[in-house]
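Quick note, the sequences are listed as chains A and B, same order. Here the UniProt record's numbering is used: the first residue of the first sequence is 1, the next is one more, and so on. Here the UniProt record's numbering is used: the first residue of the second sequence is 1, the next is one more, and so on. Just so you know, even glycine gets a beta-carbon here, dropped at the ideal spot from N, CA and C.
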Amino acid sequence: MTCAAVWRMPKELESGSHESPDDSSSTTQTLELLCHLDNTAHGNMACVTWEPMGDGKKIISLADNHLLLWDLQESSSQAVLSSSTALEGKGQLKFTSGRWSPHHNCTQVATANDTTIRGWDTRNMSQIYCIENAHGQLVRDLDFNPNKQYYLASCGDDCKVKFWDTRNVGEPVKTLDEHSHWVWNVRYNHSHDQLILTGSSDSRVILSNMVSISSEPFGHLVDEDDLSDQEEHHQEEKSKEPLPDSVIATYEEHEDSVYAVEWSSADPWLFASLSYDGRLVINRVPRALKYHILL
Amino acid sequence: MEAAVGLGSGPGASPEEPEAPERRRKAHGMLKLYYGLPEAEAAAPGATPDPRDPTDLNGAHFDPEVFLDKLRKECPLAQLMDSETDMVRQIRALDSDMQTLVYENYNKFICATDTIRKMKNDFRKMEDEMDRLATTMAVITDFSARISATLQDRHERITKLAGVHALLRKLQFLFELPSRLTRCVELGAYGQAVRYQGRARAVLQQYQHLPSFRAIQDDCQLITARLAQQLRHKFRDGGAGAPELAECVELLLALGEPAEELCDEFLAHAQGRLEGELGSLEAELGPSPPAPDVLEFTDRGGSGFVSGLCQVVASYQELFSAQGPAGVEKLVAFARELGSRYFALVERRLAQEQGSGDNSLLVRALDRFHRRLRAPGTMLPAAGLTEGATEIVEQAARERLGQHLQGLCAAFSGCLTDVRQALAAPRLAGKEGPGLGELLASVSGAILGHIKASLAAVHLFTAKDVSFSNKAYFRGEFCSQGVREGLIVGFIRSMCRTARGFCDSPSEKGGATPPALLLLLSRLCLDYETSTISYILTLTDEQFLGQDHSPVTPVSTLCAEARETARRLLTHYVKVQGLVVSQMLRKSVETRDWLTTLEPRNVRAVMKRVVEDTTAIDVQVGLLYEEGVRKAQSSDSSKRTFSVYSSSRQQGRYAPSYTPSAPMDTNLLSNIQKLFSERIDVFSPVEFNKVSVLTGIIKISLKTLLECVRLRTFGRYGLQQVQVDCHFLQLYLWRFVADEELVHLLLDEVVASAALRCLDPVPMEPSVVEVICERG
């Protein structure tokens, strides 16, 4: 039985609030255990995720076929189950991963079970969309575009990365087919969402540039000062040709399956990947591309 | 004398001079001959060359004084005496000669004189008679003049009377004209009536100011109008055939009806008739077709409409040839309009022909159609009938090609359905159905048969005896672009596309495609690449020797396409089969509680199943693909490698990891080991052989096993079970792959990962593992 708990990072390290759903990290003595998410009634924890924008009081966890919304109370020393819903259907349905959308006032959560992706409304815990057979095989990971509403990336055992518009789930907007084995992770860059990072058990990390479906399909348009919603009106002012959608780099430093990739929350050009052999590789976005995006 | 002749003809003589003396001398000669004078004798004494010599006795210019002088001066006396006697003798001879001549010719002289005298008398008598004749002639002339003068007056009167008589006859004709016309009209002798009318018209026109003539003219006009009316009536009636109609028009034209109007009316009438034909044709089309076949249809159209049109055009051109370009224009517009309607009908009928597949009938029908329209086409090239017909034929040919392409595609998918059924059937029956090899042969044969049939059917369009086969389109574009590119290349492309369709959408309907079908299609495409495509194209090029040199798809492009399709299908097959096996493995790992499992006593059933399935796949692939190349193997493969794997590696690799103090060593060791092994590309493209296919499938399956194991936590016996399972797989899978090292590597990795994920990693004794595996 896997469980989940809330921890506090030591003060000197505190910069983000990332936490591990796994309680096997007992060796890190500096973490302070705050509370357990009591899942005895719901089965194995598959995924835990914070509310992206809130005050850190809400957590979603996925346990077998249950979607659980927790409220942290009394300075996070107690986790109270505020609402939950269960996925019903034939066979044993199990969530494999989930993601909390930063848009729509943080009321949407996307989950993956087997080959299906589902969207949920956290206010009444009802399903809002469902992408059947999103991937040929198991869906491994999801990520929301942080700058563009409705856009969702998914990856899975069919070696593909797919991009969806959740308003029209019949067809993926785009499909990447670069990996030669299961894709375990997909991550949007937080500020330049054309940059997509994927990690796979073919021991490769691939950085792709998906300009055409990013929030800046025509390159960087105006000054940083300008409001982003004005960008739409300035499309005709594009100064340069955007790059085509392409793979920017394939990182082959890992000798074994890569199980996690993540962008730095401090520096938008920095990312890390972690593989089974215990290797943590930190890379930068190529300089030429960085300047192309910025200038 | 002879000398004179020679001189007379000399150059210095004047033209008259030698002529006259010569003739004279000739006469003289003849006389001489007559009188028997020997020529030599006569010539001998005066043998002097010069005729003007006054001393020449026989010369014309003889001068006796000179002669005598000369004699006296030159000659001696003796000679003079001689010459005197000679002269005397000669004179005497001449005198006697003259006397004999006179005697001999005396009678003749008398007779001539008598005759002359008699002639004189006669002439005098004749003169008298002539005088009498002259006086008589004068009398006659006188008489004649007198008679003429007397008759002159009467003759003039007679001439006048004759003129009056003719006029009166004309007038009578005119006066009778109305009644005659009426009678003619009543009898229906329109031609006669029109001739009368034509004769009288000018006169009537001229004398219309006279009231009586006016009346006649009015009458005539009335009758003529009636006549015209009747003619028009007949004309409009439509009962008459084209020749009669033409006659009508001719008469009407003669009656001076406006030609333009007649043109219009003629055409309008013809249009009515032809429309009737078209109407009957259309009725045959009808909503509920009684369906005469297309040949019959075009036949009817040809004999009814087209020949009618021909007649109309011919008679129009004959009747209204004087109308100039405006008339021709009208006719062209007329023919064009009707022709286009006819074409529309034919097109509709041809469209109905879509469904049925009898090409020869269609071609014959088109041939007939095209042939029929040639006649009006040549008569009236401006109407574009031939072009229109050719266009329709081309259109029909194009559509036929399209249908054949569709037919081929349908046949191909039909074959696929058959294969699916054949593949599904044996499982139900529990018996071996036809093998994949036979299925492949039958599919390939069936498709080839269909292609050949289509080619043969299409070939009819270019047969020599078909009237349109020598058109540029059928000689060039039809062959190269239509048949070769459109039909054959199009079909091969569509076949590749259909086949690729099976690997493009695995999530939507992937489960529905049986893997064996993928395999079979892959082999089919590969066969096409190696031989069939070039065979088919050669066949096509032979049958359709086009003069067209537009670019065609080269064989190599198609081959590359087919090869790519085959490769993708095979890769997809590997993926699908790998997925089947790996799903099995994944379920077996995920559903088991590895922490609390019991000590392993035998190999898990699922592993046996995996080996069985792999063997089945091996057999299946072996039916269609060659063995392929393996890496050189150690002679005693399984045992020895296994022992290395289980004993030395076990200790060398993950023994240290059991002590928590040295986790780094494990990683280090495994990393070092990986440095020397190649990276395993799991979903890599496969080659066209059995080993490569099997290697791909096993790679996928074992990699899945590895990833699944890493997600679990194991107890001691869980680890041992994995050990046993892996050893079992090791024992049976090596033989399928190209490089057995690969299997070892992956299985090592699985056991190592399980050990890492183990709470109490105590491995099983290798000997025990072996025993268990051999037992199971």
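Beta bridge counterpart(s) of residue i as assigned by DSSP
i: GLY119 (chain A); result: A:ALA110 and A:TYR129
i: ARG563 (chain B); result: ARG563 (chain B) pairs with nothing; no bridge assigned.
i: PHE163 (chain A); result: A:ALA153 and A:LYS174
i: ASN105 (chain A); result: According to DSSP, ASN105 (chain A) bridges with nothing at all.
i: GLY199 (chain A); result: A:ASN185 and A:VAL205
i: LEU274 (chain A); result: A:ALA260 and A:LEU280
i: PHE728 (chain B); result: DSSP output for PHE728 (chain B) lists no bridge partner at all.
i: HIS450 (chain B); result: Paired residue(s): none; HIS450 (chain B) is not in a bridge.
i: LYS234 (chain B); result: Partner(s): none; LYS234 (chain B) has no beta bridge.
Separation of residue j from residue i, as counted between CA atoms
i: ALA43 (chain B); j: ALA78 (chain B); result: In this prediction, ALA43 (chain B) scores a pLDDT of 45, lower than 50, which makes its location untrustworthy; the coordinate-derived value is nonetheless stated afterwards. Rounded to whole angstroms, ALA43 (chain B) to ALA78 (chain B) spans 23 Å at the Cα level.
i: PHE498 (chain B); j: GLN583 (chain B); result: Residue identity differs from the one stated: residue 498 (chain B) is Thr in this sequence, not Phe. Using only the alpha carbons, I get a separation of about 27 Å.
i: GLY652 (chain B); j: PHE728 (chain B); result: At GLY652 (chain B), the pLDDT of 37 sits below 50, so the modelled position is not reliable; the number obtained from the coordinates is stated separately. Cα-Cα distance, rounded: 21 Å.
i: ALA446 (chain B); j: ALA516 (chain B); result: 19 Å
i: ALA270 (chain B); j: ALA472 (chain B); result: 34 Å
i: ARG8 (chain A); j: SER264 (chain A); result: 20 Å
i: ILE128 (chain A); j: ARG204 (chain A); result: 34 Å
i: TYR740 (chain B); j: LEU585 (chain B); result: Here residue 740 (chain B) turns out to be Glu, not Tyr, going by the sequence shown. Roughly 20 Å between the two C-alpha positions.
i: THR540 (chain B); j: LEU448 (chain B); result: 12 Å
i: PHE305 (chain B); j: GLY276 (chain B); result: 9 Å
i: ALA260 (chain A); j: LEU558 (chain B); result: 44 Å
i: MET81 (chain B); j: VAL102 (chain B); result: 32 Å
i: LEU197 (chain A); j: ILE60 (chain A); result: 24 Å
i: GLU317 (chain B); j: VAL328 (chain B); result: Contrary to the premise, residue 317 (chain B) reads as Gln rather than Glu in this sequence. About 8 Å.
i: GLU282 (chain B); j: HIS404 (chain B); result: 28 Å
i: PHE461 (chain B); j: GLU477 (chain B); result: 13 Å
i: ALA215 (chain B); j: LEU171 (chain B); result: 13 Å
i: THR614 (chain B); j: LEU289 (chain A); result: 47 Å
i: LYS125 (chain B); j: GLN99 (chain B); result: 39 Å
i: VAL312 (chain B); j: LEU231 (chain B); result: 18 Å
i: LEU187 (chain B); j: ALA228 (chain B); result: 15 Å
i: LEU526 (chain B); j: GLY414 (chain B); result: 20 Å
i: HIS165 (chain B); j: HIS233 (chain B); result: 40 Å
i: LEU706 (chain B); j: ALA605 (chain B); result: 18 Å
i: SER191 (chain A); j: VAL258 (chain A); result: 24 Å
i: GLU74 (chain A); j: LEU34 (chain A); result: 10 Å
Contact test: residue i Cβ vs the ligand PLP heavy atom, cutoff 8 Å
i: ASN124 (chain A); result: This structure lacks the ligand PLP; in fact it carries no ligand of any kind.
Closer than 7 Å at the beta carbon, the chain E residues around residue i
i: GLU741 (chain B); result: Protein chains in the displayed structure are A and B, and chain E is not among them.
Same chain, Cβ closer than 7 Å to residue i, five either side skipped, listed in chain order
i: ASP143 (chain A); result: ARG99, ALA153, VAL186, ARG187 and TYR188
i: THR250 (chain A); result: ARG204 and ILE206
i: SER14 (chain B); result: Note that SER14 (chain B) scores 43 on pLDDT, short of 50, meaning its location in the model is unreliable; the coordinates nonetheless yield the value given after this. Nothing listed; no residue qualifies.
i: PRO607 (chain B); result: One detail in the question is off: residue 607 (chain B) reads as Met in this sequence, not Pro. Contacts found: ASP725, PHE728 and LEU729.
Proximal chain B residues relative to residue i, where beta-carbon distance stays under 7 Å
i: SER208 (chain A); result: The premise fails here: SER208 (chain A) is roughly 18 Å from chain B at the closest Cβ pair, so nothing lies under 7 Å.
i: SER201 (chain A); result: GLU707
Own chain partners of residue i with C-beta closer than 8 Å, once the 5 adjacent residues on each side are dropped
i: ASP114 (chain A); result: LEU93, LYS94, THR96, LEU138 and VAL139
i: CYS3 (chain A); result: ASP23, HIS36, LEU37, ASN39 and MET45
i: GLU347 (chain B); result: ILE392 and GLN395
6 Å Cβ shell around residue i - same chain, five flanking residues per side excluded
i: THR298 (chain B); result: ALA365, ARG368 and PHE369
i: ARG601 (chain B); result: none
i: ASP219 (chain B); result: PRO178
i: TYR207 (chain B); result: PHE213
i: GLY43 (chain A); result: ALA63 and ASP64
i: SER246 (chain A); result: ASN209
i: GLU394 (chain B); result: TYR473
Per-residue contacts from residue i into chain A (C-beta, under 8 Å)
i: ARG710 (chain B); result: SER257 and TYR276
- In the stretch 253-328 of chain B, which residue ranges form an unbroken beta strand (DSSP E) of at least 3 residues, counting only runs that do not cross its ends? Fully enclosed beta strand (DSSP E) runs of 3 or longer: not present.
- Message: Quick check on the DSSP output: what are the complete alpha helix (DSSP H) runs of length 4 or more inside the stretch 81-157 of chain B, in order along the chain?
- Response: Every candidate alpha helix (DSSP H) stretch fails here, since none sits fully inside the stretch 81-157 of chain B while reaching 4 residues.
- At which residue ranges does the stretch 170-228 of chain B contain complete alpha helix (DSSP H) runs of 4 or more residues, listed in the order of the chain? Unbroken alpha helix (DSSP H) stretches of 4 residues or longer found wholly inside the stretch 170-228 of chain B: 190-206, given in chain order.
- Message: Please give me, in chain order, every unbroken run of the alpha helix (DSSP H) with length at least 4 that falls completely inside the stretch 589-634 of chain B.
- Response: Fully enclosed alpha helix (DSSP H) runs of no fewer than 4 residues occupy 605-624 of the stretch 589-634 of chain B, in order along the chain.
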